[in-house]
Each structure stands twice: as C-alpha cells, then as structure tokens.
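**Student:** If you scroll down you'll find the structure; I have some questions about it.
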Ligand code: FES
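In the working numbering, the protein residues as written are 2 to 105.
Below, the structure written as structure tokens:
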C-alpha cells in the first residue's frame, strides 16, 4: 500500500507501507520529520497528522484516549489524528495526510 504524505515544508512523499504497520512507523522509517517520542504508546502526541478529508471515513474516528492526547497540542483540527493509532490496511491504499507542525 502507498501513503501520500505532505511534510511540514509542503513537500510530497509517496511511502510504501505494509498492512498491520502503524502509519507513524511508516513515516518514521522513511525518514520524514516526525518525532513520535513515545514510540506509539499514546503518550506524546508528537506523531500528529492531518488526514485528508476524503480519507476521514476510511481511517475512522479517534478513541477517547487519543482525543484527550490531541487536546494537549495547539494545532489540532477536526481532521487531526495520531498516526501511531492508525493501522495500515489495504483499504487505506492511497491514503493522504499531512504532518502537523507539532509532530516535528
Ligand atoms: Fe506518541 Fe503516537 S508516537 S502518541
């Protein structure tokens, strides 16, 4: 599956991900600017991304715990998600997202 990621400088990247991986892991392992300090433990919010509106339904809504964590960042939007909480699946082939400033 391919994920299209726009980084904080506006550059677009096509990243190949594997089913079952966390989207955060794909972004991090391809070397993009994502801190992901807690390594996916849902305790840092430095894996913050904006999901393209067309993909919101496929990706689904955040859990209450994830929403609480998102409340701690200043640049949250209605399409904000923590990328460590999104698991890659074939249904997400072509997924588009943008790295939030707070992920850097
Ligand atoms: Fe820390 Fe996602 S990596 S919350």
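Ideal Cβ placement from N, Cα and C applies to all residues, glycine included.
Ends of the beta strand (DSSP E) at residue 159?
**Tutor:** Since the first residue of the chain shown is 2 and the last is 105, residue 159 is not available in this structure.
**Student:** Determine the burial state of residue 101: buried for a count of at least 16 other Cβ atoms within 10 Å of its Cβ, exposed for fewer.
**Tutor:** By the neighbour-count rule (16 or more Cβ atoms within 10 Å), residue 101 is buried.
**Student:** In the DSSP output, which residue or residues are listed as bridge partners for residue 34?
**Tutor:** In DSSP, residue 34 forms no bridge with anything.
**Student:** Going by the DSSP bridge assignment, what does residue 100 pair with across the sheet?
**Tutor:** Answer is 50, bridged to residue 100.
**Student:** Excluding the five sequence neighbours on either side, which residues of its own chain have a C-beta within less than 7 Å of the C-beta of residue 53, listed in chain order?
**Tutor:** If we look at residue 53 and ignore the five residues flanking it on each side, its Cβ neighbours are 97, 98.
**Student:** Assign residue 3 to one of three DSSP states: helix, strand, or coil.
**Tutor:** Here residue 3 sits in strand by DSSP.
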